[in-house]
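Read in this note's numbering, the sequence shown has 113 at position 16, and its numbers run on one by one without any break. Even glycine gets a Cβ: it sits at the ideal position worked out from N, Cα and C.
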Amino acid sequence: MSSLSVTPAPVTRLRLTARGRRVIAFLVALPVVVALGLAIVGGGAALASGEGGAPSGSFAEITVMSGETLWSIAEDVAPQADPRDVVAEISRLNALDGGVVAAGQRIAIPSEYLAAP
């Protein structure tokens, strides 16, 4: 009769290769990058919602016509006010950089500057 001898397998530690370390680092960094991206996108949405600007209902929207500028719009909607102040307020309310508007663009006009009929 032959006898079998069973020897226990040696215990080895799990070794992480360089590729495995990169995968783990990526998996750890992925939620951080996603969270930052959502924070940036969410911050832009909060700015666009107008919560930092005028309360809802305190402005009227107009459509910019061909050839109109912020200056001409300011003179039309508030002839009694200083156009510089009106342009500054319209730019702030609409988050316009450089004060440039295009034909067909919808912009908000603060109700305080609307001319009385």
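How would you write the range of the beta strand (DSSP E) that P207 sits in, first residue to last? Here the question's residue 207 lines up with position 110 in the sequence shown. Segment R203 to P207, the beta strand (DSSP E) holding P207.
Distance, T160 Cα to D194 Cα: As a working note, residue 194 is residue 97 in the sequence shown. As a working note, residue 160 is residue 63 in the sequence shown. One C-alpha to the other measures close to 18 Å.
Among all the DSSP beta bridges, which residues are the ones paired with A157? In the sequence shown, counting from the first residue as 1, residue 157 sits at position 60. I206.
Using C-beta distances below 6 Å, list every residue in its chain close to T166, excluding the 5 sequence neighbours before and after it, in chain order. Mapped onto the sequence shown, residue 166 falls at position 69. Closer than 6 Å at the Cβ level, and outside the excluded window around T166, lies no residue.
P128, DSSP secondary structure in three states: Residue 128 sits at position 31 when you count from the first residue of the sequence shown. Helix.
For D182, three-class secondary structure by DSSP: To locate residue 182, count along the sequence shown from 1; it is residue 85. Here D182 sits in helix by DSSP.
What does the Cβ neighbour count give for I137, buried or exposed, with the cut at 16 atoms within 10 Å? To locate residue 137, count along the sequence shown from 1; it is residue 40. Exposed, since its Cβ has fewer than 16 Cβ neighbours within 10 Å.
Whole-angstrom Cβ separation of I204 and E158, contact assumed at under 8 Å? Numbered from 1 along the sequence shown, position 107 holds the residue referred to as residue 204. Numbered from 1 along the sequence shown, position 61 holds the residue referred to as residue 158. With a Cβ gap of about 7 Å, I204 and E158 count as contacting.
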